[in-house]
Structure formats: C-alpha cells, structure tokens
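See structure below.
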C-alpha cells in the first residue's frame, strides 16, 4: 500500500510538473531564465510575437543575454506568421509586444483598430529589399511586363515608388503577380514574371538567378531620399490592454528591449553568431544582410518618432496605401504612440 | 396532420426559407449594432515645451527635438457585441459589396472580374477532371482487375486537401494558370472518380442479367443499359464535385493571381477587410447556387425520364 501510494504521488507530481508549464499564461508569475550569476527571481511571463527575420534579433538578445530577466520578465519569442497576424495577436492578448511591418500597422490604424500601441522603431535596414529583373536593364523597359510582388507589404510600396520614379504606374503599366517570400523567386525563375521584388534572404536568391539585374532597391525611392528610412520598416508595437494595465511595467519592458538594441549595435560580430544560431543559417550568409542594419536605440527614438523620420515617412506611406486601395484612409497615427513609455 | 411530413407545400417552403435568411440578418444586425456605451482611456501626445539636442541616427546631423509626454483622457464610445474588424454591420458590408461591384480602380479587379475568373477556373478544371474521371470510373466499375490496380492510388490521393497540392504544383508548374488548373483538377478528380465507380457498381445486376438474356452484346449492354442506369448517380456525384471545386480554387488563388474570389478573400484577410471576405464568400455561395440550377436543367435534358418519374410519384 505504502509503495503504491508513493508511486501514485510521484506520478501525480510528474503529471503536475508536465502540465504546469503548458498551463502558464502570459502575465502569470513564473520562475524564468535568469542571467548567469543573478539570483533567481519571480519573473512575469510575456509573449513577444515575431518571426525568423533578423529585425527580431533584439528580442532574442534580450532573452539570451538576460536584459528581460533583469527587468523582471520571462519573455517567450513566438512565431506569429505575417505582420497582420501579429497585429491581431496584440489585439486579442495572445502577445504583449511584437515587431511587425509598418504597412500592416498603418492598415490596422486606418481601420480604426485601437487595441495596440506603436512604441518605436528598432532598426532600419535599407537595401535589404530590391527589384530584380531577368534580362531587363532599365525600369522603363518593364512596361507591359509582369512583376511578382508580395502585395500589401513594404515591397509593394517600394515597387510603386520605383516605377513612379521611372514614369510608370504600377496599376496600369505592368501586370502584378501576387506571391510571397520564396514564391517570388519561383515566379521569376520559372519565367512567369519578368521581374520580382522581395526582401532578404529571398532577395539574395533572386539575384542569384542567371541574368538577374537589380533595377533598384528601397534606397532608390523618394521615401528614402526624404526620410532616410525604408518604405516599411520594422515597428515595435504593444498590446494596449497590457500597457494600460501597468504603464510602469511596460516602461520597464521597453527599456530592457532597447538595452538589447544597444547591445546589437555594440556587438556586431557576436550578434551575427547569435542570429546565425537562431535562424540556423551560415554566419557568412547573415553577415552581408546585417551589414545594412542600423540599430536605433532608446536615445534615437526622439528623432525616429518625429516628422524628420518616421512620422513624415508614415504619412507618405499611408497616402500611397490609400492611392493603391490598400487602406481606406490616412490614419492619425500619432494617437497610437506612447512617448511616456520611452521617456527618461 | 402527419407527425413527420416528408415535404412541405412550395409556398410554405419558400416563406420558411426567407424567414431563415431574415433571421440570420437580424441576428447579424443585433450582434453588430452599437447598443452599449463604454468609457475608454485615450492617450494624447503633448509637447512638454522642453527641447533636447539629438543626433539624427542616419545623417548624423544635430537636431533640436521637442520632448513629448502622454496625457491620459477618457472618452465614451459606442460598442456592439461584435465590432469591426471581427464583423462589420450588414449595412456597411452591403455598401462595400456595392463598391467592389461598381468601382473600377486601375490594378484592382471588380467583383464581377473576380467571380468570372474563379468560375472559369472551376469549369475548366471540372471539364478536364470529369473527362478523365468518368470514363476511368466506368472502366473501374466494370473491370475488378483495373479497380484493384488503381484503387490504392485513389485511396492515397483522396484524403489530400487541395491546399496540400499548392507547394508541389508551384514547384512543378509555376504559379500561372496551369498550376491553378492542376490544383482544381487534383481536388475534383478523386471525388469524381469515386462517385462514378460507385454509380457503375450499383447498377442493379437484374438489369444486366435481363439485357444478357435478351441477347444484348457488350457494346449494347454498355450504351443501352449500364450507362443510362449509372448516369443519374454519376450526375449527382458531379454536382457535388463542382461544389468541391470551390475549396480547390480558393487554395489555388493564394498566390500568383490578383483575380479570382480566392485572391479577393486572401488579400482582404491580410488587410483585415472582413466585409470583403464576407462578400467573397457570399459570391461563392451564389455562384454554386446558380451552377446547381444550371446542372439541374442539364440533368433534366439528359435524363428526362428521372423527372417524369418524379412527377409521376
């Protein structure tokens, strides 16, 4: 009887331990990973919505180098597919903060979706997306041709701008073939599209197709010329409900996040190794992509989140989205910002 | 009065159908009508009056930047049980449908173009799959050896959802019309084949025996007995296959096209335009209904004896 009770008790403990982790919800207090040497503390579980794109590196750094744990958070970086999915994850409380593409953010704002905040912008990586054609030397020669585009994303604005700069209209002068990520490469390789536009790492694959000619990148757009930023940079956003519940807690999280951004800027070689390990890619392939990155720290945010940079850029990008029929109106995006969370 | 009547008078059936549809619309309206008022906190960005010196992170130039803080304000807003983008009101959805139908924008196909493109893809896929599946199905129904040979392959293909063919079809055929035709074909083919085999096997053996006793040749048995007897079930099966075709075309239109109801639905989902998604779905149902009416007419033409029997019963 005694042995049976002991075994039963042990079994219950094992089951409880196995179920316990799954049952934990964001916001629960849990003992998470702590930096080496630091005393274990009760950490608050927070979900970060991301993907495998290198722009999510500060979240990975914050987790691995202990910035979040030092601030009292056990951050879990979860993949949430495309940027629109990440906006939804913030709105419905599946994630507390996320990095996502500006186009998805502006479109959600244009739909008056107010359940998230726009906190800041952690990086710009100009030159990481480009228009590549096969056997065509000039953008002007794309008239009547087919371009493979990941529509409703930053590259959609980039190709619109590049064509406009060459006197072409994306809606009437070329045929747009819709695809995403690797499909863009396949469409161009198979000859169904004579040109394609996509970001890294697919941009490199596009350039590797025999006869490929780079016709332009996001650095050749009027947006870059005016605001020194891309057509749709990565944005840091947060769940409104989570922030409003305890703004001081949110402030602590974003200070830790931007500490991780600073680490990214100050440790380029270590960052390459960390990213390569995280995305299971050769360091040699990560290095050239990362060379384009400029990490924007907490101190930079005053300029970044102003008319001189992103506010000016977001206004122009929103107007383009409305012209393309992808957004119903230009949103008053300043209403989604929380400068107090980044203040000293 | 019968406890479980098998049919209803046509007028009553129509009235009940209309009542059912109206019921759904009223429920939709009730869910999306802003009955409630809630107080929400808004945060307004205000300049503190302080100016700080900052360096532009890209150009390196020195800038004098105003410092901003956040002021909290509360305001009331009207809310429904379900709010956009989860679900818009019936009125807004109808307005969006009208815009999609009538407003032509360069590079943005109208609703009619979307509907025509998807319907053409389905009809073409249906023609190709039926023209392969029906003869093969009849042959498999007639010859057990062929059935034993092909059935394991069909058993493997049958459970595969059409969306699972998208990656392979893209690698093998690109993302053009051929890929879309292939996905629609693969989705429809297995179902059409199985319906045809079943219809052929289920031809009453007495009919075959009687024809043989009356001295029918193999050719006469096939054309005068087997096919007419199997055709009603084959046609019923093919009507179901046309509806299956819609799940296939929506998968096929994920990539490589701007035109088609699938493209409209996928793109609208990305922009959280629920109204357009609902309009796309309603169009699919509408087209399936029209195709169903059209196939019933063809059925009446091909199999008039079935309808005579129906009238007579």
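Chains as they are written, first to last, in the working numbering: chain A, -2 to 341; chain B, 90 to 402. Where a beta carbon is used, it is the ideal one built from N, C-alpha and C, also for glycine. Source: prediction; values computed, not measured.
Between residue 153 (chain B) and chain A, the shortest Cβ-Cβ separation is not below 8 Å.
Distance between residue 226 (chain B) and residue 233 (chain B), taken at the CA atoms: about 11 Å.
Not a single C-beta of chain A is nearer than 8 Å to the C-beta of residue 275 (chain B). The Cβ of residue 260 (chain B) sits closer than 8 Å to at least one Cβ of chain A. Using a CB distance cut-off of 8 Å, residue 264 (chain A) does not count as an interface residue toward chain B.
Two segments are said to touch when three or more pairs of C-beta atoms, one from each, lie closer than 8 Å; by this definition the segment 292 to 301 of chain A does not touch the segment 201 to 208 of chain A. Residue 270 (chain B) and residue 349 (chain B) have their alpha carbons spaced roughly 13 Å apart.
Sorting A:130, A:222 and A:131 by C-alpha distance to the C-alpha of residue 305 (chain A) places A:222 at the top.
Residue nearest to residue 128 (chain B) within the set B:113, B:139, B:134 and B:165 is B:165 (criterion: CA-CA distance).
Residue environment: residue 149 (chain B) is assigned as exposed (fewer than 16 neighbouring CB atoms within 10 Å of its CB, all protein chains considered). Of the residues B:119, B:96 and B:205, the one whose Cα lies closest to the Cα of residue 177 (chain B) is B:119. Here the alpha carbon of residue 210 (chain B) sits roughly 8 Å from the alpha carbon of residue 273 (chain B). In the DSSP assignment, residue 96 (chain A) falls within the unbroken beta strand (DSSP E) covering 94 to 98. Per DSSP, the continuous beta strand (DSSP E) segment holding residue 132 (chain B) begins and ends at 125 to 144.
For the segment 165 to 186 of chain B, the beta-carbon criterion of a distance under 8 Å to any beta-carbon of chain A is satisfied by 173 and 174. Contact between residue 258 (chain A) and residue 214 (chain A) does not hold, since their C-beta atoms are separated by about 24 Å, which reaches or exceeds 8 Å.
Three or more Cβ pairs drawn from the segment 79 to 99 of chain A and the segment 226 to 233 of chain A lie within less than 8 Å of each other, which places the two stretches in contact. What residue 224 (chain B) touches in chain A, judged by beta-carbon distance under 9 Å, is nothing: the nearest beta carbon there is about 32 Å away.
At least one CB of chain B lies nearer than 8 Å to the CB of residue 336 (chain A). Between residue 72 (chain A) and residue 129 (chain A), the C-beta spacing is not below 8 Å. In its chain, beyond the 5 residues on either side, 273 have a beta carbon closer than 7 Å to the beta carbon of residue 279 (chain A). Linking residue 182 (chain A) to residue 193 (chain A) through their CA atoms gives a straight-line distance of about 7 Å. If you draw a straight line from the Cα of residue 238 (chain A) to the Cα of residue 181 (chain B), it comes to about 28 Å.
Not a single C-beta of chain B is nearer than 8 Å to the C-beta of residue 75 (chain A). Using a C-beta cut-off of 8 Å, the segment 78 to 93 of chain A makes contact with the segment 105 to 113 of chain A, since at least three inter-stretch Cβ pairs fall below that distance. The beta carbon of residue 180 (chain A) sits closer than 8 Å to some beta carbon of chain B. Not flagged as an interface residue toward chain A: residue 193 (chain B), since no C-beta distance is shorter than 8 Å. Annotation for residue 333 (chain B): the continuous alpha helix (DSSP H) segment containing it runs 316 to 341. Taken in chain order, the complete alpha helix (DSSP H) segments of 4 or more residues contained in the segment 256 to 339 of chain A are 265 to 276, 280 to 287, 298 to 301 and 307 to 320. Within the DSSP secondary-structure output, residue 154 (chain B) pairs in a beta bridge with B:141. When DSSP states are grouped into helix, strand and coil, residue 171 (chain B) belongs to the coil group. At a cut-off of 8 Å between beta-carbon atoms, residue 129 (chain A) makes no contact with chain B. Its Cα nearest to that of residue 133 (chain B), the residue A:336 stands out among A:341, A:336 and A:255. The beta carbon of residue 150 (chain A) sits closer than 7 Å to the beta carbons of 98, 100 and 229 from its chain, once the five residues preceding and following it are set aside; these are given in chain order. Counting only the Cα atoms, residue 345 (chain B) lies some 38 Å from residue 391 (chain B). DSSP links residue 232 (chain A) through a beta bridge to A:97.
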